[in-house]
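**Student:**
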């Protein structure tokens, strides 16, 4: 199997940072946006594959547009965010499906780690690290805003600004993650490790650490399994993260 | 702005979708003075508090004394349950040492410091109220704004929260603005009272402002006038 070391390391970084960002999706609204964003990347990926340009870059452009559209519509209409996200989500999926060349469709939907070259791998590692550092600086402010907007505003925290920074960080990590697990499953890479960790954590410190750890572990184990049995790495990674979720769920039931 | 006032509100009007929720309200607050805002549900009490904190758009004037430090205690936090945030981490949102956290938690009547390791979603509503009060006190505010300090707490707990507010008031000599629907709060805490039902139905010292006629105008005919002696 052609997994090189650099793509494995890149996957560990992306997995860890996905988990870390996922731990900030504290509200239902945010988790929904995170899940839908992967699909928003699909038309961009399709275009990139069609034109032979960088997939992550094109995905990021579409993710950025998706975020701006959702933000814009949210302020202009009285429709709930869930509805808006739902509409953008199916629109992207339909467009992406039509645009993406058929031979590459599976890669776009479920990822293909073997297609990541050295330069892309290095870029992914650096970008993940930048996102990690950037988000760690706004982390506590986003948490405060999600437990009480009133308290955040009273403490002069610009909620809109930090939410936007956070969403942009998500867009970067999703654009990187689609290469590994594909646009259909990248939302799971953000949400599942955090959801699993939430059940097992007594405080934020444990929660963020465990989320990042499970994200990274899912990627490593998924890719190793891919190396052994040859099934696609993307779905294997997500299955392993769900396995962690189930283990912690059952463990929690036992101790409560 | 007059020297002796820390807050001046003039012709304050707040509207949502063209409907006036607060209509042409004016009042002042002096240092160390406690103002209790009473009124029925939907009278605009919380809206007024949010306007004072600069969270809402409004017409008219809200003038705070320059550089005043304002503390705010919301009615509740945590829209979603089970967020793994410990009490200690909640205090960590402000720049504060563990020693300072312990001191401020004890100052609101919590002696068992094991609470710091508990999840904030796991503590009782009475404890949460104390924690929120402690949180607001960290920056040594000159004025505290409370939204319905009694809501969600049983009678026993409610009694002690007011004792606590009295204690804080005496120790720190700060001003308080308390929103409440409970008339007893007025007699325990207020230097002045604002009866709010979109407009100011009454404003002034409790003895003068709280008259049976004013209460009828505030709550309608049904409410009985009562005054607990303690």
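Residue numbers (this note's numbering), protein chains in the order written: chain V, 43 to 298; chain B, -16 to 213.
Note that beta-carbon positions come from the ideal geometry of N, C-alpha and C, so glycine has one too.
Since we're looking at a predicted model, the values are computed, not measured.
Does the beta carbon of residue 242 of chain V fall short of 7 Å from some heavy atom of the ligand SAM?
**Tutor:** This structure lacks the ligand SAM; in fact it carries no ligand of any kind.
**Student:** Mind reading off the beta-carbon distance from residue 163 of chain B to residue 12 of chain B? Whole number of angstroms is fine, and I expect it under 8 Å.
**Tutor:** Between residue 12 of chain B and residue 163 of chain B the Cβ distance is about 16 Å, and since that is not below 8 Å, they are no contact.
**Student:** Measuring CA to CA, which of V/222, V/92, V/93, V/79 is closest to residue 275 of chain V?
**Tutor:** If we check each option's Cα against that of residue 275 of chain V, V/222 comes out closest.
**Student:** My guess is that residue 84 of chain B and residue 74 of chain B are in contact by the Cβ rule of under 8 Å, so how many angstroms apart are they, rounded?
**Tutor:** That pair is a contact at about 5 Å.
**Student:** Under DSSP, the beta strand (DSSP E) around residue 91 of chain B begins and ends at which residues?
**Tutor:** From DSSP, residue 91 of chain B is part of no beta strand (DSSP E); its letter is neither H nor E.
**Student:** Please work out which residues of its chain come closer than 6 Å, Cβ to Cβ, to residue 29 of chain V, disregarding the five sequence neighbours upstream and downstream, and give them in chain order.
**Tutor:** One cannot answer for residue 29 of chain V here, as it falls past the ends of chain V, which runs 43 to 298.
**Student:** What residues of chain V sit near residue 76 of chain B, judged by a beta carbon separation below 7 Å?
**Tutor:** Chain V residues near residue 76 of chain B: 182, 186.
**Student:** Once you ignore the five residues that flank residue 127 of chain B on each side, which residues in its own chain have a CB closer than 7 Å to its CB?
**Tutor:** Same-chain partners within the cutoff: 54, 56, 119, 157, 159.
**Student:** Show which residues of chain B have a CB atom less than 8 Å away from the CB atom of residue 245 of chain V.
**Tutor:** By Cβ distance, chain B contributes 67, 68, 69, 71, 72, 100, 102.
**Student:** Let me confirm a value: residue 225 of chain V is counted as buried when at least 16 other C-beta atoms fall within 10 Å, else exposed. Which label applies?
**Tutor:** Buried: at least 16 other Cβ atoms inside 10 Å.
**Student:** Helix, strand or coil for residue 241 of chain V per DSSP?
**Tutor:** Correct three-state label for residue 241 of chain V: helix.
**Student:** If we ignore side chains and look at the alpha-carbon of each, how far apart do residue 43 of chain B and residue 189 of chain B end up?
**Tutor:** The straight-line gap from Cα to Cα measures roughly 26 Å.
**Student:** Within 8 Å of any Cβ in chain V, is that where the Cβ of residue 36 of chain B sits?
**Tutor:** Cβ-Cβ to chain V under 8 Å: yes for residue 36 of chain B.
**Student:** Tell me where the beta strand (DSSP E) around residue 129 of chain B begins and ends.
**Tutor:** Residues 126 to 130.
**Student:** Would you tell me roughly how many angstroms separate the C-alpha atoms of residue 200 of chain B and residue 151 of chain B, rounded to the nearest one?
**Tutor:** Using only the alpha carbons, I get a separation of about 33 Å.
**Student:** Assign residue 191 of chain B to buried or exposed, taking buried as 16 or more other Cβ atoms, counted over all protein chains shown, within 10 Å of its Cβ.
**Tutor:** Counting Cβ neighbours within 10 Å, residue 191 of chain B comes out exposed, since fewer than 16 surround it.
**Student:** Return the first residue and the last residue of the beta strand (DSSP E) that residue 123 of chain B is part of.
**Tutor:** Careful: residue 123 of chain B lies outside any beta strand (DSSP E) and carries neither H nor E.
**Student:** Between which residues of its own chain and residue 88 of chain B is the CB-CB distance below 6 Å, once the five residues before and five after are set aside?
**Tutor:** So the qualifying residues of the chain are 117.
**Student:** Mind checking which residues open and close the beta strand (DSSP E) that includes residue 6 of chain B?
**Tutor:** Taken as a continuous stretch (DSSP letters only), the beta strand (DSSP E) holding residue 6 of chain B covers 2 to 12.
**Student:** Taking the C-alpha atoms as reference points, what is the distance between residue 92 of chain V and residue 78 of chain V?
**Tutor:** Their backbone Cα atoms lie some 23 Å apart in a straight line.
**Student:** Flag residue 201 of chain V as yes if its beta-carbon sits less than 8 Å from any beta-carbon of chain B, otherwise no.
**Tutor:** Not one chain B Cβ lies under 8 Å of residue 201 of chain V.
**Student:** Using CA coordinates, which residue listed in V/132, V/71, V/49 is at the minimum distance from residue 80 of chain V?
**Tutor:** Of the listed residues, the one whose Cα sits closest to residue 80 of chain V is V/132.
**Student:** Starting from residue 187 of chain V, follow the alpha helix (DSSP H) in both directions and report where the run begins and ends.
**Tutor:** 160 to 189 is the extent of the alpha helix (DSSP H) around residue 187 of chain V.
**Student:** Which residue spans inside the stretch 15 to 87 of chain B form an unbroken beta strand (DSSP E) run of at least 3?
**Tutor:** Complete beta strand (DSSP E) runs here, min 3: 17 to 21, 42 to 47, 53 to 56.
**Student:** Taking C-beta pairs closer than 7 Å, name the residues in chain B that residue 196 of chain V reaches, listed in chain order.
**Tutor:** Under the 7 Å cutoff, chain B gives 36, 55.
**Student:** Could you tell me which residues DSSP pairs with residue 163 of chain B in its beta bridges?
**Tutor:** BP columns for residue 163 of chain B point to B/21.
**Student:** Of all Cβ atoms in chain B, is any one closer than 8 Å to the Cβ of residue 240 of chain V?
**Tutor:** So yes, residue 240 of chain V belongs to the interface.
**Student:** For residue 249 of chain V, which residues in chain B fall below 7 Å Cβ to Cβ?
**Tutor:** Correct list: 67.
**Student:** Start and end of the beta strand (DSSP E) containing residue -4 of chain B?
**Tutor:** Segment -10 to -1, the beta strand (DSSP E) holding residue -4 of chain B.
**Student:** So who's on the other strand from residue 187 of chain B, going by DSSP bridges?
**Tutor:** Paired residue(s): B/176.
**Student:** Return the bridge partner residues of residue 182 of chain B from the DSSP annotation.
**Tutor:** Paired residue(s): B/180.
**Student:** Am I right that residue 214 of chain B and residue 70 of chain B are in contact with their C-beta atoms under 8 Å? What's the rounded C-beta distance?
**Tutor:** Missing from the structure shown is residue 214 of chain B; chain B here goes from -16 to 213 and no further.
**Student:** Looking at the C-beta of residue 18 of chain B, does it have a partner C-beta in chain V at a distance below 8 Å?
**Tutor:** False, the Cβ-Cβ gap to chain V never drops below 8 Å.
**Student:** State whether the stretch 59 to 66 of chain V contacts the stretch 242 to 261 of chain V, with contact taken as three or more CB pairs (one from each stretch) at a distance under 8 Å.
**Tutor:** Yes: at least three Cβ pairs fall under 8 Å.
**Student:** Cα separation between residue 213 of chain V and residue 178 of chain V?
**Tutor:** Residue 213 of chain V and residue 178 of chain V: Cα-Cα distance of roughly 16 Å.
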